Structures are given as C-alpha cells and as structure tokens.
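Accompanying notes for the structure given below.
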Amino acid sequence: MELRKVQKVGYSTLSISLPQSWTKRMGVKKGDQLLVVEEGDGSLRIIPEGEAVEREETYLVDVDRCDNIELLARVIVGNYVLGRGTVRVESSRRLMREQIESVREVTQRLLGFGIIEEGDRHLILQCSVDPRRFPLKTVMRRLYLLTSIMFKEAVDSLIDRDKDLALDALTREHETDTLYWLISRLLSSAQQSTLIAKEIGVKDPMEIIEDSTIIRFLELIGDRVNDLASNVVKLLDS
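Counting in the working numbering, the sequence shown runs from 1 upward without gaps.
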C-alpha cells in the first residue's frame, strides 16, 4: 500500500498517477482504457479493459478420484455452482457408460450447462449462462413461488387423497433444484466479480450472505415437501 498525491489538471480535473509496477504487471500502456468501478464503501476499483472480460479457463475433474457416480455428479454440480465456464471431465482409462450417463443426467438439471465434446476418456462441459440475463431477485422469487406451489399441491393431495396432485408436486422438484443451483452460481459469481454483482442487482456484499441463507432454506423446504408428496403417493398406493 502506498499514498499517491492528487494532482489538478486543467480547470477542474483531478488526476492521480498509476503505480509503475502495477502498469507493467497488467500490461497497461498509453492510450489504453481502464474501467473504474465505485465500491459500496466509496473506494474505487481500477480494471484494465481486457480484464473486465470473463476469463475462459478450463477446470479439470479427475474421474479416477471419484469413488462412485454420485460423487462425480456432486463434483460436476460444485463446478457449476462455483461459476466455472468450461469443465473437462477426464479419466486415465475409457469412461464407463454409468459415468457418462451420470454426467448427462446431472447436466440436464443445470441450466445452460452441457456436453460440447466427448471422447473415449474425456468429456468437455461448457456453460452458456449469461448472469446479466438473470436478475437475482427475479430468480429468487421464482424459486419461492415454485416451492409454495409444491407445498400447496402436496398438502392438498393428502387432504383430497389425490395421487395425481402429489405426482405434480414431485415433478416440480427437478425445477426447484435447477433454480437453486442457478442462484447459487449467480451468488458465487457476484462474490468473485463486483461487475457481475452490480449487473444482477447485488448492491452490498452482505446481500450475498443473506440471499444464500434464504435460498438454502427454500431448498430445504422443497426437499421436505418432496418427502411429503412421496409419502402421500405410497399411502394412496397401499
């Protein structure tokens, strides 16, 4: 950390010089454009234009280290939630059919995430989700409404002894999972990037913690409602 003196340039413009070590490290030169972002605490964040574009890194999932297909699926979900754009699923030997099917099944429940390349020993997954198209509060409200509908259907199915209504509640469980994982990805991305946070409507970093707690409880409620609907089906079948 170092202090820099503010200089007055012209009639009313204030300026400050950039540290030479930083400009060299970031490759900033005369004529380049810098993005200046005001943080919630009033500080300024300076981002070189090229750095403002999301970096496209490929993350590796080592199938050999996954003891079973359930663990493999959880690792895939974890990479999605962490905001990874491209994931390479790789094995030292030919991928088994069960492993490939596990990856396919879980990616079908992850919005915008799919297999774009497949080989004997690897799969490449890529996410096409643009956070700017998903205002956080709008998606959270959708999760809340969907969970409420599931709850009403499950309770009404028990009261009315309506098996079809219970089955309707069960079919919504996949959509609640999809929304939960999408929101988790948005929150993770917002935590990593101030730009994304602003684009999806997060004004304060504390909102990320609060919203994470809210969606976690909604997801737990959805799981309990799913259990209730399953038990109603079993009861009516007995």
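Note that the Cβ used here is the ideal one computed from N, Cα and C, for glycine as well. Just so it is clear, the structure is predicted and the values come from calculations on it, not from any experiment.
Ordered along the chain, which non-local residues of its own chain (more than five positions away) have a Cβ less than 7 Å from that of residue i?
i: residue 64; result: 91, 92
i: residue 111; result: 129, 178, 182
i: residue 202; result: 136, 190, 208
With a threshold of 6 Å on Cβ separation, who are the neighbours of residue i within its own chain once the five nearest residues in sequence on each side are excluded?
i: residue 73; result: 102, 106
i: residue 127; result: 85, 112, 113
Let me know the secondary structure DSSP gives residue i once reduced to three states.
i: residue 151; result: helix
i: residue 81; result: helix
i: residue 184; result: helix
i: residue 135; result: coil
i: residue 196; result: helix
i: residue 2; result: coil
i: residue 111; result: coil
For the alpha helix (DSSP H) holding residue i, just list the boundary residues, first then last.
i: residue 59; result: Taken as a continuous stretch (DSSP letters only), residue 59 belongs to no alpha helix (DSSP H), being part of the beta strand (DSSP E) at 58–62.
i: residue 125; result: That residue, residue 125, is in no alpha helix (DSSP H); its beta strand (DSSP E) goes 122–127.
Residues in the same chain with beta-carbon distance under 8 Å from residue i, minus the five sequence neighbours each way, listed in chain order, please.
i: residue 22; result: 28
i: residue 98; result: 69
i: residue 16; result: 4, 5, 6, 7
The beta strand (DSSP E) with residue i in it runs from where to where?
i: residue 205; result: Taken as a continuous stretch (DSSP letters only), residue 205 belongs to no beta strand (DSSP E), being part of the alpha helix (DSSP H) at 205–237.
i: residue 47; result: 44–48
i: residue 16; result: That residue, residue 16, is in no beta strand (DSSP E); it is neither H nor E in DSSP.
For the region 95–105 against the region 209–227, are there 3 or more C-beta pairs whose distance is under 8 Å?
The region 95–105 is not in contact with the region 209–227.
Determine contact between the region 147–157 and the region 170–185, defined as no fewer than three beta-carbon pairs at a distance below 8 Å.
In short, these stretches touch, since the Cβ pair count reaches three.
Within 8 Å, do at least three Cβ pairs link the region 21–32 to the region 1–10?
no
Taking contact to mean 3 or more Cβ pairs, one atom from each stretch, closer than 8 Å, check whether the region 226–235 and the region 151–166 are in contact.
yes
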